[in-house]
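A.B. asks: Residue numbers (the numbering used here): 1369 to 1796. Glycine residues also receive a C-beta, built at the ideal position from the N, C-alpha and C atoms. Computed from a prediction, not measured in an experiment: that's the story for all the values here. Handing you this structure, nothing more for now.
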C-alpha cells in the first residue's frame, strides 16, 4: 500500500477529540491510563460563500446651527475608498473573479453559473466590466514592473498567439501575447511581463524594450533579429542604439534532434541528444552554486563539452546529405553556435529559454477555456492582470492574498510608494 503524502503544514487545523464514554477497563473495571494518542488527518474544503457587507453611516445634525439659519447641517463619516467607486462588489468578490478567470481559467459564464447556484445574479457583462476596470486600475503596477525588468542586463523573451474577436468579420483574428522574463541566475525578485499586441512584428519587441541593452534569450524567430543589428534605432526617438546581444536556446536546438529521433530513431540524433544532456548535467550540478563557482564549473566542463560537440557536428555534417532532416537539425545549431555557447563563458547567463516558456504555458491552457479576447483593449487588460498574478507566483506569494490586499490599499495608496505594492514587496 502506497504511503499517503502528508497534508500541507500551513493549513489551519480543527481538532476533534474523541474520548471514551468510560475511562474504566471493560474487563476488570479499573481506571484506564492514557499512554498516547492516535492522530489521523482528513483534508476538507469550504466552497466560496457569498455574503454582504452593510456599511451603516449614522447621520448627525447640529441643532444649534440649524435654529438661526433654518438650514440643516448633516454630517456623516466618509464612505471608504474603493477600487471601483460606487460598485456593489467588495474586494473579496473582485479577487474571486480575477483568480477564477486568470489562474483557474474559468470563463466568465462559469463564474456566473457558480454565483447563480447561491442565488446571486452576476451577469457576464457586469463581470467583464469589473475585469476591465480592475485591469485599468492595476496598470500602473504592471508599468512599474516593466520598468524594473528593463533594469536587468539579461532577459528572456517569447510570444504566443491569442485569438481576438474581429467584429467586422464575425470571426477572430490572431493577436499575440509577448512575454519578457527576468533571468533566475541573477539577483533580484523574479518578474514576468506580458505585453498584448495586435501582431508578431519585431517592432513590438523593440517598442517594449525601448532603449534596453543587454543579453536577450530568444528562439530563432526572425522578429528579434533587428534587436541584434548594428543599425538598431530607438523606436520613438530614432536615436542609434548599441545592439542587444543574442543568447540562443539549447532547448530549441535539442528539440530539433529530439523530433528527428522520434521520427526515425536516427543514431546521429541519439548521439546529439546524449552530448547535449552532458551540458544540462553541468547546469544541474551548478544549480545552487554562486555565480563565480558556476562560471568556474562551466569553464571546466561545459566549454570542453561544447568544443567536442562542435567538432562532432561539423564532421557529421560533412557526411550528411544536404536538405535532409538530419542536415537541417545540425545546421540549426551550427548557424547559431556563437549565441548557443555564450552562456558557458559566464556564470549568470541561462542555457535556454525554458523559464519564459514555462511562464507562458498557463496562458495556453487558459486560451482553451476563455476562447478569445473581446478586443485589443480587453487583451491589454488580460496582459496587466496576468503580469501581476504571474509575478506573484514566481516570487512564492499567494496570488489571491496579494491581490486582495493590493485592491484594498490601492485607492488611497501614494504613487511615491508604489514599489511597496508590487508582488515581491519592498525593493529595499
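#1: Give every residue of the same chain whose Cβ lies closer than 8 Å to the Cβ of residue 1801, excluding the five residues on either side of it in the sequence, and list them in chain order.
#2: Which class does residue 1524 belong to by DSSP, given the choice of helix, strand or coil?
#3: If you follow the alpha helix (DSSP H) that residue 1711 is in, where does it begin and where does it stop?
#4: So which of 1781, 1767 and 1783 has the shortest CA-CA distance to residue 1792?
#5: Using a Cβ-Cβ cut-off of 7 Å (strictly less than) and excluding sequence neighbours within five positions of residue 1776, which residues of its own chain qualify?
#6: Please go through the same chain and pick out, in chain order, the residues whose beta-carbon is closer than 6 Å to the beta-carbon of residue 1693, but skip the five residues on each side of it.
#7: Which one or two residues does DSSP pair with residue 1682 in a beta bridge?
#8: Sort out for me which residues DSSP pairs residue 1546 with in a bridge.
#9: Return the chain-ordered list of same chain residues with a C-beta closer than 7 Å to the C-beta of residue 1725, the five sequence neighbours on each side being excluded.
#10: In whole angstroms, what separates the C-alpha of residue 1578 from that of residue 1603?
#11: Using C-beta distances below 7 Å, list every residue in its chain close to residue 1575, excluding the 5 sequence neighbours before and after it, in chain order.
#12: Could you pull out every residue in the same chain whose Cβ sits closer than 7 Å to the Cβ of residue 1515, ignoring the five residues on either side in sequence?
#13: Which class does residue 1636 belong to by DSSP, given the choice of helix, strand or coil?
#14: If we call anything under 8 Å between Cβ atoms a contact, is residue 1758 one with residue 1727?
#15: Roughly how many whole angstroms lie between the Cα atoms of residue 1733 and residue 1473?
#16: In this structure, does DSSP put residue 1392 in helix, strand or coil?
#17: Pick out the complete beta strand (DSSP E) segments inside the region 1374-1443, 3 residues or longer, and give them in chain order.
#18: Near residue 1795, what residues of its chain come up, given a Cβ to Cβ distance below 6 Å and the 5 sequence neighbours on each side ignored?
#19: Report the partner residues of residue 1540 according to the DSSP bridge assignment.
#20: When we look at the beta-carbon of residue 1662 and count the other beta-carbons within 10 Å, is it buried (16 or more) or exposed?
#21: Less than 8 Å between the beta carbons of residue 1674 and residue 1712, yes or no?
#22: Using a 10 Å radius around the Cβ and a threshold of 16 neighbouring Cβ atoms, would you call residue 1785 buried or exposed?
#23: Nearest to residue 1703 by alpha carbon, out of 1765, 1689, 1718 and 1678?
#24: The beta strand (DSSP E) with residue 1604 in it runs from where to where?
#25: I need the straight-line Cα distance from residue 1614 to residue 1561, nearest angstrom please.
#26: Roughly how many angstroms separate the alpha carbons of residue 1542 and residue 1750, rounded to a whole number?
#27: How is the beta strand (DSSP E) around residue 1584 delimited, first residue to last?
#28: According to DSSP, is residue 1762 helix, strand or coil?
#29: Using the three-state DSSP reduction, which class does residue 1614 fall into: helix, strand or coil?
#30: In the DSSP assignment, find the unbroken alpha helix (DSSP H) run with residue 1772 in it and report its ends.
#31: Leaving out five residues before and five after residue 1369 in sequence, what residues of the same chain have Cβ atoms less than 6 Å from its Cβ?
#32: Based on Cα-Cα distance, which residue from 1440, 1524, 1412 and 1397 lies nearest to residue 1721?
#33: Pick helix, strand or coil for residue 1785, following the three-state DSSP scheme.
#34: Quick check on DSSP: helix, strand or coil for residue 1666?
#35: Helix or strand or just coil, what does DSSP make of residue 1704?
C.D. replies: Reading off the structure:
#1: Missing from the structure shown is residue 1801; the chain here goes from 1369 to 1796 and no further.
#2: Mapped onto the chain shown, residue 1524 falls at position 156. The answer is strand: DSSP assigns residue 1524 an E or B state.
#3: Position 343 of the chain shown, counted from the first residue, corresponds to residue 1711. Element bounds for residue 1711: n/a, residue is neither H nor E.
#4: By 1-based counting over the chain shown, the position of residue 1792 is 424. Cα-wise, what sits closest to residue 1792 is 1767.
#5: Walking along the chain shown from the start, residue 1776 turns up at place 408. Hits under 7 Å: 1459.
#6: Here residue 1693 refers to the residue found at position 325 of the chain shown. Hits under 6 Å: 1628.
#7: Stepping through the chain shown from its first residue, residue 1682 is reached at position 314. Residue 1682 pairs with nothing; no bridge assigned.
#8: Indexing the chain shown from 1 puts residue 1546 at position 178. Beta-bridge pairing links residue 1546 to 1527 and 1563.
#9: As a working note, residue 1725 is residue 357 in the chain shown. Taken in chain order, the residues that qualify are 1526.
#10: Here the question's residue 1578 lines up with position 210 in the chain shown. Here the question's residue 1603 lines up with position 235 in the chain shown. In a straight line, the C-alpha of residue 1578 is about 6 Å away from that of residue 1603.
#11: Locating residue 1575 in the chain shown gives position 207, counting from the first residue. So the list reads 1603, once near-sequence residues are dropped.
#12: As a working note, residue 1515 is residue 147 in the chain shown. So the list is empty, once near-sequence residues are dropped.
#13: Here residue 1636 corresponds to residue number 268 of the chain shown, with the count starting at 1. Looking at residue 1636 - three-state DSSP - the assignment turns out to be helix.
#14: Walking along the chain shown from the start, residue 1758 turns up at place 390. Walking along the chain shown from the start, residue 1727 turns up at place 359. Yes, Cβ-Cβ distance for residue 1758 and residue 1727 is below 8 Å.
#15: Residue mapping note: residue 1733 aligns to position 365 of the chain shown, counting from 1. Residue mapping note: residue 1473 aligns to position 105 of the chain shown, counting from 1. Residue 1733 and residue 1473: Cα-Cα distance of roughly 7 Å.
#16: As a working mapping, residue 1392 is identified with position 24 in the chain shown. Note: residue 1392 maps to strand in three-state DSSP.
#17: 1427-1429
#18: Translated into the one-based positions of the chain shown, residue 1795 becomes position 427. For residue 1795, the pLDDT reaches just 42, beneath the cut-off of 50, and the residue's location in the model is therefore unreliable, although a value from the coordinates is still provided. Contacts found: 1787.
#19: If you number the chain shown from 1, residue 1540 lands on position 172. DSSP lists 1533 as partners of residue 1540.
#20: Here residue 1662 is taken as the residue at index 294 of the chain shown, counted from 1. That one is buried.
#21: Against the chain shown, residue 1674 aligns to sequence position 306. Against the chain shown, residue 1712 aligns to sequence position 344. Yes, these two residues count as a Cβ contact at 8 Å.
#22: By 1-based counting over the chain shown, the position of residue 1785 is 417. Label assigned to residue 1785: exposed.
#23: Walking along the chain shown from the start, residue 1703 turns up at place 335. Checked all of 1765, 1689, 1718 and 1678; the closest Cα to residue 1703 is 1678.
#24: Position 236 of the chain shown, counted from the first residue, corresponds to residue 1604. No beta strand (DSSP E) holds residue 1604; DSSP gives it neither H nor E.
#25: Against the chain shown, residue 1614 aligns to sequence position 246. Against the chain shown, residue 1561 aligns to sequence position 193. Answer to the nearest angstrom: the Cα atoms are 19 Å apart.
#26: Taking the first residue of the chain shown as position 1, residue 1542 is located at position 174. Taking the first residue of the chain shown as position 1, residue 1750 is located at position 382. When rounded, the distance between both Cα atoms is 15 Å.
#27: Residue mapping note: residue 1584 aligns to position 216 of the chain shown, counting from 1. Counting along the chain, the beta strand (DSSP E) containing residue 1584 begins and ends at 1583-1585.
#28: By one-based count along the chain shown, residue 1762 stands at place 394. In this structure, residue 1762 counts as helix in the three-state DSSP scheme.
#29: As a position in the chain shown, residue 1614 is number 246, starting the count at 1. Strand, per DSSP.
#30: Taking the first residue of the chain shown as 1, we reach residue 1772 at position 404. Start and end: 1767-1777.
#31: Within the chain shown, numbered from 1, the residue matching residue 1369 stands at position 1. Low per-residue confidence applies at residue 1369: pLDDT is 45, beneath 50, and the placement is therefore not dependable, though the value from the model is reported in the following sentence. No residues qualify anywhere along the chain.
#32: Walking along the chain shown from the start, residue 1721 turns up at place 353. If we check each option's Cα against that of residue 1721, 1524 comes out closest.
#33: Mapped onto the chain shown, residue 1785 falls at position 417. Correct three-state label for residue 1785: helix.
#34: Your numbering for residue 1666 matches position 298 in the chain shown. Residue 1666: helix per DSSP, three-state reduction.
#35: Start at 1 with the first residue of the chain shown, and residue 1704 comes out as number 336. DSSP places residue 1704 in coil when its eight states are reduced to three.
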